[in-house]
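In my numbering, the protein residues as written are 128 to 474.
Take a look at the structure set out below.
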């Protein structure tokens, strides 16, 4: 996507273009020359403004959705605006507190990330998205409860406070002592280890005859570790929140595009691929409409920024997805601040 630079426009053209874009982003409606003449300080007649708008249309910066309608920015025009003319706003203290509030919540890190993304979604009136780092679960405590002759319930507590219950299928009846023995072994010998580390220690102690476990208890330990490991590998690494925000009153003007966007949000693998393009950015990165293939049909925009661990390494990307008429100047600092907030969470 390429077009003229800001420097190639005359002062008059820049001011008319800015007025059209800012009005469109605020109201979502094509902007007419009379509207511009009333709102700007150009002291130009509607006829003169129409001539300038015609010139901007020939440069592919503006377009008319239909004959005799006002003008609206094209994707090329939006790119010119956000790169060369937009003045980024500042978050209010209330907005900052709303995003930061999720850091004080107890519970798994993944849940705090999801809730922070939901807060971003609500403030921006977009769908919030976050690429969650794959984290190796660390064991803390484990317990087993007999359910039936062929099943046991494994209660797995992670070092991050997460609690997960999994039903294990057993080859046969297991005694109460075997359940207790398995739980004690895992809590005493494997606590503080990742799943891979726990499996390696179990194999090592079994091979050396140091695992004080009978066959039934050992089977319970192996099944418990294998179940949690499988769940962790299959756990989604992309969280999408606030899709309902896309169905606001203005969405009725183009329901087909909204439906298309909601369909696109189901393709989490492709969304994760889009977010990967923002991993190396120093601040929020903006993708407008057809600049990314996934959202070309719905004509949507993505604003995303990376967040880091305490060593400065990128561990994920957070952002929003919405229509191209986003209030970029307001949403960009929201995304940047959310990324900074998640970096604190990961430290």
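Backbone N, C-alpha and C fix where the C-beta goes; we use that ideal spot for every residue, glycine too.
Here the structure is a predicted model, which means the values were calculated and not measured.
- Residue 292 carries a strand assignment under DSSP once its states are collapsed to helix, strand and coil.
- For the 7 Å CB-CB criterion, residue 228 and residue 271 do not form a contact.
- Excluding the 5 residues flanking it on each side, residue 274 has same chain C-beta neighbours closer than 6 Å at 280, in chain order.
- In chain order, 456 place their CB closer than 7 Å to the CB of residue 214, counting only its own chain and leaving out the 5 sequence neighbours on each side.
- The beta carbon of residue 384 sits closer than 7 Å to the beta carbons of 425 and 426 from its chain, once the five residues preceding and following it are set aside; these are given in chain order.
- Within a 10 Å sphere around the beta-carbon of residue 151 sit 16 or more other beta-carbons, which makes this residue buried.
- Under the three-state reduction of DSSP, residue 312 is assigned to helix.
- Counting of Cβ neighbours within 10 angstroms places residue 412 among the buried residues, the total reaching 16 or more.
- When beta bridges are read from the DSSP output, residue 275 appears opposite 278.
- For residue 412, the beta-bridge partners assigned by DSSP are 431.
- In the three-state reduction of the DSSP assignment, residue 473 falls in the helix class, which pools H, G and I.
- In terms of Cα proximity to residue 441, the closest of 386, 473 and 461 is 473.
- Inter-residue distance for residue 404 and residue 278 is about 46 Å (C-alpha atoms, whole angstroms).
- The beta carbons of residue 226 and residue 246 sit closer together than 7 Å.
- Taking one beta carbon from each stretch, the stretch 289-298 and the stretch 315-332 have fewer than 3 pairs nearer than 8 Å; the two do not touch.
- Around the C-beta of residue 342, fewer than 16 other C-beta atoms lie within 10 Å, and the residue is accordingly described as exposed.
- Nearest Cα to residue 421 within the set 393, 410 and 276: 393.
- When the alpha-carbon of residue 340 is set against those of 313, 354, 148 and 365, the nearest one is in 313.
- Take the alpha-carbon of residue 288 and the one of residue 197: they are about 56 Å apart.
- Just so you know, the alpha carbons of residue 250 and residue 465 end up roughly 11 Å apart.
- DSSP places residue 199 within a strand segment (E or B) once states are collapsed to three.
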